[in-house]
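Residue numbering for the sequence shown follows this note's numbering, starting at 5 and increasing by one per position.
By construction, the Cβ of each residue, glycine as well, lies at the ideal position given by its N, Cα and C atoms.
A quick write-up on the structure given underneath.
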Amino acid sequence: MKHIYKLGVLTLTISVSLAWVLNCTSFNKVQPPPQLANFDNFNIITSEWVAADQWVATSVFGLPARACEMNQYRLTNDLLEKSQLYVYSKIGDNIRPLPFTTNTSTAEIRYDYTVPKSSQLRIVTIGLKGKFTPAEEQKYRYVLIPNSLAKKIPVNMGNYDEVKWAFHLND
Numbered sequence: 005m006k007h008i009y010k011l012g013v014l015t016l017t018i019s020v021s022l023a024w025v026l027n028c029t030s031f032n033k034v035q036p037p038p039q040l041a042n043f044d045n046f047n048i049i050t051s052e053w054v055a056a057d058q059w060v061a062t063s064v065f066g067l068p069a070r071a072c073e074m075n076q077y078r079l080t081n082d083l084l085e086k087s088q089l090y091v092y093s094k095i096g097d098n099i100r101p102l103p104f105t106t107n108t109s110t111a112e113i114r115y116d117y118t119v120p121k122s123s124q125l126r127i128v129t130i131g132l133k134g135k136f137t138p139a140e141e142q143k144y145r146y147v148l149i150p151n152s153l154a155k156k157i158p159v160n161m162g163n164y165d166e167v168k169w170a171f172h173l174n175d
């Protein structure tokens with residue numbers, strides 16, 4: 005009887021351990037975000053990657069800054085009132101949603117944007133601490149999604165890879 009009991013406990017222990025291992029490895033694989041084939045991507049407005057190459061020195065709250073204004077005829081006041089605007093920065097191979105802050109051993113720099121008037125996108129870099137030397141060769145892209153769609157989409161808009169996949173964007 006003791007042998008049957010020990011065999012049962014051993015079998016149960018092995019089964020639980022095996023189930024735990026399978027659960028931790030094969031069942032929790034990260035799936036790519038769903039492509040939004042059912043959504044009307046026609047209403048989503050995107051820009052190409054635009055180089056920010058004409059910077060003007062300025063200041064923001066007394067901090068050193070640079071601003072680059074990009075004319076974007078599709079960013080009308082009417083569309084901006086009815087939509088969510090997402091702006092992405094590409095510096096080297098890194099793509100991030102704006103706003104964001106970078107920290108290095110010598111500086112802390114904030115990257116942000118505003119839309120001061122219709123058809124204009126202003127990119128701003130602000131030196132928060134240390135030596136203010138913004139990155140070179142910066143590119144920016146925006147995605148404009150109607151409010152009605154923005155509330156429904158199961159996409160993390162802070163993750164450019166998900167956005168690119170979901171809305172079939174080309175780089």
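query                                                                                                            : result
Buried or exposed (CB count within 10 angstroms, at least 16 for buried), V147                                   : buried
T108 versus E141: straight-line alpha-carbon distance, rounded                                                   : 18 Å
T105 versus Q58: straight-line alpha-carbon distance, rounded                                                    : 21 Å
Residue span of the beta strand (DSSP E) that contains N107, given as start and end                              : 104-107
Any beta strand (DSSP E) of 3 or more consecutive residues that is wholly inside the region 72-111               : 87-95, 98-101, 104-107
Within 7 Å, strictly: CB atoms of Q88 and I149                                                                   : yes
Alpha carbon of Y71 to alpha carbon of Y144, nearest angstrom                                                    : Reading the sequence as shown, one finds Ala at residue 71 and not Tyr. So the alpha carbons of these two residues sit roughly 13 Å apart.
Exposed unless 16 or more other CB atoms sit within 10 angstroms - verdict on V167                               : buried
Endpoints, alpha helix (DSSP H) assigned at A154                                                                 : 151-154
Proximity to Q76 [Cα-Cα], best of I127, S123, K133, D165                                                         : S123
CB contact below 7 Å: N107 versus chain B                                                                        : Here chain B cannot be found, since the structure has a single protein chain.
Nonlocal neighbours in the same chain, by C-beta distance under 6 Å from V60, ignoring five residues either side : A71
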